Structure formats: C-alpha cells, structure tokens
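J.:
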Amino acid sequence: MKNKQIVYIEGKNILLRPLLDQDFTIEYLEWLNDPFINEYSQRRPFPISFEALKDYNNYYLKNPQKGFVLAIVEKKDNIHIGNISLVNIQPVNRCAEIAILIGNKKFWNLGYGKESIYLLTKHSFFCINLHKIFAGSFNPAFVKCVQGLGWKNEGDFRERIWSNGKYHNQIWLSILNNEFNINEKYEVSQ
C-alpha cells in the first residue's frame, strides 16, 4: 500500500511538498555530496552533513518570508527525486530566485525538472503575487529548460563560477508574470 501523499502543488507527473523528516535519508545526503550531481551547484566544493541539511531547511521554516524549499515527488511511485526552492524573496520588488536539484539520476532528462520549475513559477505568480522569477546558472541543461518555458536571458556574469579547473560565465535568466503562459502539458486534469 502506498503512503498517503502530502500535496502543496500538484502537477501531471509530480507533487511539490514541504520536506518531511522521512526525506532526510542517506540517499538524499549522497545527492548533496555527489560531485557529478552537483557539477553545476554553487555549493559543490563543500561537504554537507545531516545537521547542516536540517539547519538549512529549518532556517526557511523559521523565516518563510525569505523563501522555502520543497521536495519534488514523482507521483506514480511517491518517490522524493529532488528539491526546488524559492529564495531571496523580495516583497517590495515582488521578485524571487528559483533553484532546483534533481538528485535521483534515474529521473534526469524526463521533464521532471521542467515541470517543477513551471509549477513553482505559476504558484509564485498566481498565489504569492510575485512579478518576476529569476535564476543564475552555468548549466546548459538548466538554461535550455527555462528558455523552453519562456524565460529570457538577462545577461552574463563573466567568469563568475570556478569549476573543473576554469572559470565559467553565469547566465542570468528571468520571467515576468505577464510573460507566463499556462501549459496544459503540466496541469492536472480536473
């Protein structure tokens, strides 16, 4: 029998929900310390412990106005496959930053990241009333993903990221609420 699923935001293939105690597993910790999974992460050179992981989550639980972290859960088998966060929320400017990690490699290149970004962006515009969502990355797959959702390139921070023995430009992208389009591909049928 499947465990009951907690739903915060529901898409066609995934659920976004708060992280639960059951999510803090060895597998989750391995994702965060795997150099290959974190090749494009800003935290990649630093080890993460269970304590640091819980402190990070608790910070946002205690300061929801600053942001929040959600588990990405594959609906069919109720598997925690990664996380997505909305951070650096600026209430006056009505903007925030998205970050995402699909930690379970079995779920890479299947559209789960794109669906997660779509759902959190939609929630940010229609429920939180934000005006702009942005992100900076040097991951070509992330850039292609968000551009496919209508995000626009705002510019590069030249040689901002040191990785694999060289500097990389960090590409900044964003989407405004009036540029967002509902995509039935990710919507749950009512």
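Okay, so the sequence shown: first residue is 713 according to this note's numbering, each after it adds one.
For every residue, glycine included, the Cβ atom is placed at its ideal position computed from N, Cα and C.
Computed from a predicted model, the values in this text were never measured in an experiment.
1. According to DSSP, is Lys714 part of a helix, a strand, or is it coil?
2. Enumerate in chain order the residues of its own chain whose CB-to-CB distance from Met713 is below 7 Å, with the five nearest sequence positions on each side excluded.
3. With distance defined between alpha-carbon atoms, name the residue in Lys788, Pro776, Ile784, Phe780 nearest to Leu798.
4. Taking Ala783 and Arg872 to be in contact with their CB atoms under 8 Å, please state how far apart those CB atoms are, rounded to whole angstroms.
5. Please identify the residue among Lys817, Tyr879, Gly860 whose C-alpha is closest to the C-alpha of Ile894.
6. May I ask you to report which of helix, strand or coil DSSP gives Ser828?
7. Check whether the region 816 to 826 touches the region 750 to 765, taking contact to mean three or more Cβ pairs, one atom from each stretch, closer than 8 Å.
8. What's the call for Val900, buried or exposed, on a 16-neighbour Cβ count within 10 Å?
9. Here's the rule: buried if 16 or more other CB atoms are within 10 angstroms of the residue's CB, otherwise exposed. What is Trp743?
10. Considering only C-alpha positions, which residue in the set Phe736, His880, Pro747 is nearest to Lys766?
11. Per DSSP, which one or two residues make a beta bridge with Cys843?
12. Identify whether Gln859 lies in helix, strand or coil by the three-state DSSP scheme.
13. Quick one: give me the first and last residue of the alpha helix (DSSP H) that Lys774 is part of.
14. Short check: CB of Ala808 to CB of Asn800, under 8 Å?
15. Under a three-way DSSP split, which group does Glu899 fall into?
16. Between Ala811, Gly794, Thr833, which has its C-alpha nearest Leu732's C-alpha?
17. Could you tell me if Leu842 is buried or exposed, where buried requires 16 or more neighbouring beta carbons within 10 angstroms of its beta carbon?
18. Does the Cβ of Lys878 have 16 or more other Cβ atoms within 10 Å, making it buried, or fewer, making it exposed?
19. Nearest-angstrom Cα distance between Asn881 and Val858?
20. Can at least three beta-carbon pairs, one atom from the region 786 to 793 and one from the region 830 to 841, be found at a separation below 8 Å?
T.: Answer, in terms of the structure:
1. Annotation note: pLDDT 46 at Lys714 (below 50); position unreliable, coordinate value reported separately. In this structure, DSSP gives Lys714 a state outside helix and strand, which the three-state scheme calls coil.
2. Low local confidence applies: a pLDDT of 35 at Met713 is under 50, so the model's placement there is unreliable, with the coordinate-based value given in what follows. Cβ neighbours of Met713 beyond the five flanking positions: none.
3. Leu798 has its Cα closest to that of Phe780, out of Lys788, Pro776, Ile784, Phe780.
4. Not really, about 29 Å apart at Cβ, beyond 8 Å.
5. Closest in C-alpha terms to Ile894, from the list Lys817, Tyr879, Gly860, comes Gly860.
6. Looking at Ser828 - three-state DSSP - the assignment turns out to be helix.
7. Flag = no, the region 816 to 826 and the region 750 to 765 do not touch.
8. Exposed, since its Cβ has fewer than 16 Cβ neighbours within 10 Å.
9. Buried, because 16 or more other Cβ atoms sit within 10 Å of the Cβ of Trp743.
10. Nearest C-alpha to Lys766: Phe736.
11. Residue 843 is actually His in this sequence, not Cys. BP columns for His843 are empty, so no partner.
12. Residue state, collapsed to three classes: helix.
13. Run containing Lys774: 762 to 774, per the alpha helix (DSSP H) assignment.
14. In contact: Ala808 and Asn800 (Cβ atoms closer than 8 Å).
15. Annotated three-state conformation of Glu899 is coil, per DSSP.
16. Looking at the Cα atoms, Gly794 is the closest of the given residues.
17. A residue is called buried when at least 16 other Cβ atoms come within 10 angstroms of its Cβ; Leu842 meets this threshold and is buried.
18. The residue is exposed, with fewer than 16 neighbouring Cβ atoms inside 10 Å.
19. Here the alpha carbons of Val858 and Asn881 stand approximately 17 Å from one another.
20. They do not touch, by the three-pair rule.
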